[in-house]
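One structure is given here, and the rest of the page talks about it.
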Amino acid sequence: AVVQAKHLENVMWELELALLESDVAMEAVEALKAKLQQRLVGLRVASRGEIAPTIEKALKASLVELLSLESFDPQRLLARGDGPLVIAFVGVNGTGKTTTIARLAHWLQGQGRSVVLAAADTFRAGAIEQLEIHANKLGCKFIAHQSGGDPAAVAFDAVAHAKAKHRDVVLIDTAGRMQTNTNLMDEMVKIQRVAKPDLIMFVGDALAGNDAVEQARKFHAMVGIDAVILTKLDVDAKGGTALSIASAIGRPIAFVGIGQDYEDLMPFDAAWIVERIFA
Amino acid sequence: SLSSALRATMRKIAGASHISPELVKELVRDIQRALLQADVNVKLALDLSKRIESRALEEKAPAGMTAREHVVRIVHSEMVGALGVPRELKPGAQKIMLVGLYGQGKTTTAGKLAKWFQSKGLSVGLTGADVHRPAAFEQLSQLAAQLNVPVAGGGSDAVAAAKAGLTELGELEVQIFDTAGRHALDTDLIDEMKAVAKVIQPDEILLVLDATVGQQAGPQAAAFHEAVGVTGVVLTKLDGSAKGGGALSAVAETQAPVMFVGTGEMLDALERLEPDRFISRLLG
Ligand SMILES: Nc1nc2c(ncn2[C@@H]2O[C@H](COP(=O)(O)OP(=O)(O)OP(=O)(O)O)[C@@H](O)[C@H]2O)c(=O)[nH]1
Ligand SMILES: Nc1nc2c(ncn2[C@@H]2O[C@H](COP(=O)(O)OP(=O)(O)OP(=O)(O)O)[C@@H](O)[C@H]2O)c(=O)[nH]1
Ligand SMILES: [Mg+2]
Ligand SMILES: [Mg+2]
Numbered sequence: 211a212v213v214q215a216k217h218l219e220n221v222m223w224e225l226e227l228a229l230l231e232s233d234v235a236m237e238a239v240e241a242l243k244a245k246l247q248q249r250l251v252g253l254r255v256a257s258r259g260e261i262a263p264t265i266e267k268a269l270k271a272s273l274v275e276l277l278s279l280e281s282f283d284p285q286r287l288l289a290r291g292d293g294p295l296v297i298a299f300v301g302v303n304g305t306g307k308t309t310t311i312a313r314l315a316h317w318l319q320g321q322g323r324s325v326v327l328a329a330a331d332t333f334r335a336g337a338i339e340q341l342e343i344h345a346n347k348l349g350c351k352f353i354a355h356q357s358g359g360d361p362a363a364v365a366f367d368a369v370a371h372a373k374a375k376h377r378d379v380v381l382i383d384t385a386g387r388m389q390t391n392t393n394l395m396d397e398m399v400k401i402q403r404v405a406k407p408d409l410i411m412f413v414g415d416a417l418a419g420n421d422a423v424e425q426a427r428k429f430h431a432m433v434g435i436d437a438v439i440l441t442k443l444d445v446d447a448k449g450g451t452a453l454s455i456a457s458a459i460g461r462p463i464a465f466v467g468i469g470q471d472y473e474d475l476m477p478f479d480a481a482w483i484v485e486r487i488f489a
Numbered sequence: 011s012l013s014s015a016l017r018a019t020m021r022k023i024a025g026a027s028h029i030s031p032e033l034v035k036e037l038v039r040d041i042q043r044a045l046l047q048a049d050v051n052v053k054l055a056l057d058l059s060k061r062i063e064s065r066a067l068e069e070k071a072p073a074g075m076t077a078r079e080h081v082v083r084i085v086h087s088e089m090v091g092a093l094g095v096p097r098e099l100k101p102g103a104q105k106i107m108l109v110g111l112y113g114q115g116k117t118t119t120a121g122k123l124a125k126w127f128q129s130k131g132l133s134v135g136l137t138g139a140d141v142h143r144p145a146a147f148e149q150l151s152q153l154a155a156q157l158n159v160p161v162a163g164g165g166s167d168a169v170a171a172a173k174a175g176l177t178e179l180g181e182l183e184v185q186i187f188d189t190a191g192r193h194a195l196d197t198d199l200i201d202e203m204k205a206v207a208k209v210i211q212p213d214e215i216l217l218v219l220d221a222t223v224g225q226q227a228g229p230q231a232a233a234f235h236e237a238v239g240v241t242g243v244v245l246t247k248l249d250g251s252a253k254g255g256g257a258l259s260a261v262a263e264t265q266a267p268v269m270f271v272g273t274g275e276m277l278d279a280l281e282r283l284e285p286d287r288f289i290s291r292l293l294g
């Protein structure tokens with residue numbers, strides 16, 4: 211038998227709903243559908259009964275492929291160069307940036323690296339205090355200025371300190387910001403220009419639906435995202451947001467957050483996410 | 011874009027004296043896509059569009075109304091109906107408890123509500139019953155200080171913090187209680203929330219929901235409602251680009267209306283929900 215467009219339509223409707231219900235953004239679903247149509251229409255299969263399973267298998271394979279196009283090896287964070295590895299964490303409000311920094315600092319220290327935490331969220335109530343508590347718990351050097359101060363100056367100070375004291379990694383915490391807020395997006399560009407981070411990590415919330423695409427796209431356009439950390443995967447069990455972001459900006463997912471404790475950070479596994487979506 | 015597809019279909023209807031089933035099908039497909047793109051729960055989006063379809067096919071346009079006006083009215087009535095029976099917080103003495111998932115804007119909303127009640131001339135007290143998040147009590151205290159509102163609570167036990175609030179701030183007309191983020195599967199935290207609600211006996215339990223939340227809005231709202239009974243929803247971060255379709259599921263699962271929307275980080279960024287504006291923004 212030959213796979214025809216009408217077969218694809220029938221089988222895809224159910225699969226599309228499964229993807230949408232797993233928080234894969236509509237745009238990503240449509241892109242996947244278009245790719246499947248290219249690959250499958252006209253394909254010969256052994257029998258009519260083989261059509262639906264072939265389509266489903268092809269869909270799963272394309273999901274894994276989308277998530278594996280770019281990969282991020284956590285070992286990159288452990289590489290020793292001439293000077294500290296500087297990483298800035300950005301994202302919209304409440305996604306888990308500050309908590310993620312604490313988790314990553316914990317992991318880095320466990321790998322024998324010295325970490326400096328930069329409290330460059332100088333705006334939100336309690337932001338500096340929140341990171342300071344983590345710094346104290348972890349025994350990390352903590353760099354902060356007055357609340358209301360210039361975030362770029364804090365980041366710059368932290369990098370200067372790390373260089374002077376030969377520290378391995380600087381993790382820069384920034385304020386949550388809506389991608390629609392031009393002033394705050396410009397502030398983020400300034401932090402990047404002044405602190406010159408080696409890596410920009412976009413911290414995204416697995417609970418986010420279609421807006422994940424908008425967020426990732428705008429942040430990527432403004433500062434260039436190197437890798438993504440997807441949090442709250444313990445809450446949004448399916449993890450389709452990973453696909454939305456991968457489809458939107460083609461950057462790898464480095465880690466996923468699966469809880470609030472320091473241990474709750476896992477390296478990303480494409481096959482694991484795809485299994486959860488089709489579970 | 012979706013909104014242009016919807017408008018194009020509506021223009022076709024505008025020219026028609028009555029609507030053909032094909033045109034209705036086309037309209038319904040466009041509405042379905044708009045709803046899904048706006049993060050409305052998949053099943054709810056399908057139900058809503060089915061209802062719109064059958065009404066558009068079965069109901070005759072009243073005399074003097076064009077086919078297009080008739081369809082617009084059906085869509086509008088179904089969407090506004092999905093927002094539930096509207097109800098506003100009374101500007102009077104009461105105890106309000108805020109609950110919700112992680113990072114939704116509960117603590118910030120507690121501050122915003124305090125300011126809102128202040129503007130109505132009421133005395134307000136803020137109690138921090140989030141004993142888990144680092145510097146949660148510090149965050150709430152700073153917001154309280156900005157408003158010159160007394161604050162109580164903190165410590166390491168949520169029930170004790172709630173009791174401290176009731177005792178120390180009992181003289182104040184409005185008492186607002188902030189709680190830690192939690193989710194459906196965290197049994198310890200769900201039990202804690204129930205225990206705190208039992209101690210406070212709040213007049214309102216408001217579910218704070220981030221407008222960016224997708225398909226989890228419905229199931230999580232249902233779990234919060236089952237645990238403590240949600241009486242209202244606050245939809246936050248509508249100043250972003252998210253359409254907030256998750257709010258429709260939250261309303262469906264809790265039978266509680268969206269009482270406020272958050273439109274920014276500042277304490278004055280709290281507004282009443284305007285159903286028409288919300289729905290037209292949602293549909294693109
Ligand atoms: N369950 C769960 N909660 C998480 C995870 N990551 C972060 N959180 C929680 O999400 C909430 C917000 O975390 P923060 O680290 O303050 O988020 P943020 O992005 O720094 O927030 P802003 O700085 O205000 O934009 C906290 O209650 C965290 O404990 C996760 O992977 N799982
Ligand atoms: N732009 C915008 N940001 C908001 C709004 N409401 C809250 N925020 C921001 O969202 C982030 C999280 O707010 P919190 O009040 O800490 O959220 P929470 O629900 O108390 O978080 P947890 O206690 O960790 O569960 C902060 O950066 C707030 O400033 C809003 O309506 N618009
Ligand atoms: Mg933060
Ligand atoms: Mg809070």
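Chains as they are written, first to last, in this note's numbering: chain A, 211 to 489; chain B, 11 to 294.
Heads up, the beta-carbon is just placed ideally off N, CA and C, and yes, glycines get one too.
The structure presented is a predicted model; accordingly, all values stated were derived computationally and were not measured.
Taking the CA atoms as reference points, B/Gly-272 sits about 33 Å from B/His-80. Using a cutoff of 7 Å, the CB of A/Asp-474 counts as near ligand 1, since one of the ligand's heavy atoms is closer than that. Residue environment for B/Ser-129: exposed (fewer than 16 other C-beta atoms within 10 angstroms of its C-beta). Contact of A/Ile-353 with chain B is not assigned, every C-beta pair being separated by 8 Å or more.
The three-state secondary structure of B/Glu-69, taken from DSSP, is coil. CA-CA distance, B/Thr-118 to B/Val-218, rounds to 10 Å. Under a criterion of Cβ atoms nearer than 9 Å, the residues of chain B adjacent to A/Gln-389 are, in order, Gly-250 and Ser-251. Under DSSP, B/Glu-214 forms a beta bridge with B/Ile-106. Note that the C-beta distance between B/Ala-262 and B/Thr-246 is not below 8 Å.
Per DSSP, A/Gly-320 is one residue of the alpha helix (DSSP H) stretching across 307–320. In this model, A/Val-325 and A/Gly-336 are separated by some 22 Å (Cα to Cα). DSSP places A/Ala-289 in the coil class of the three-state scheme, outside both helix and strand. Within the region 108–169 of chain B, the runs of beta strand (DSSP E) that reach at least 3 residues and sit entirely inside it are, in chain order, 134–139 and 161–163. Taking 7 Å as the cut-off, one finds no heavy atom of ligand 3 near enough to the beta carbon of A/Ala-312. For chain A, the residues of the region 190–203 of chain B that bring a beta carbon within less than 7 Å of one of its beta carbons are His-193, in chain order. By the Cβ test, the region 125–145 of chain B is in contact with the region 184–193 of chain B, since at least three Cβ pairs between them sit closer than 8 Å.
A distance below 8 Å separates the beta carbons of B/Thr-241 and B/Leu-216.
For A/Phe-488, the enclosing alpha helix (DSSP H) begins and ends at 480–488. Nearest in C-alpha terms to B/Glu-202, of all of B/Thr-177, B/Val-238 and B/Pro-144, is B/Val-238.
If you look at A/Lys-351, you'll find it in the beta strand (DSSP E) that goes 351–353. B/Gln-185 sits in a strand when the DSSP states are folded into three classes.
A/Phe-412 is bridged by DSSP to A/Val-300 and A/Val-438. At a cut-off of 8 Å between beta-carbon atoms, B/Gln-128 makes no contact with chain A. For the options B/Asp-286, B/His-28, B/Lys-173 and B/Leu-292, the alpha carbon positioned closest to that of B/Ala-73 is the one of B/His-28. Here B/Gln-114 is buried, its C-beta having at least 16 other C-beta atoms within 10 Å.
Interface flag for A/Thr-305 against chain B is set, since a Cβ pair is found closer than 8 Å. In the DSSP assignment, no residue is bridged to B/Arg-291.
Taking 4 residues as the minimum length, the alpha helix (DSSP H) runs contained wholly in the region 218–294 of chain B are 227–238, 256–264 and 285–292, in order along the chain.
Around A/Glu-424, the beta-carbon contacts reaching into chain B at under 7 Å are Ser-251. Per DSSP, A/Ile-382 is one residue of the beta strand (DSSP E) stretching across 379–384.
Shortest Cα-Cα distance from A/Leu-417 to any of A/Thr-451, A/Met-398 and A/Lys-400 involves A/Thr-451. Per DSSP, A/Phe-429 is one residue of the alpha helix (DSSP H) stretching across 421–433. Between A/Ala-385 and A/Pro-407 a beta carbon distance of about 16 Å is seen, past the 8 Å cut, so the two are scored as non-contacting. At a cut-off of 8 Å between beta-carbon atoms, B/Gln-149 makes contact with chain A. A/Asp-415 belongs to the set of residues whose beta carbon lies under 8 Å from a beta carbon in chain B. The beta carbon of A/Ser-272 sits closer than 7 Å to those of Leu-242, Lys-245 and Leu-246, all from its chain and outside the five residues before and after it, given in chain order.
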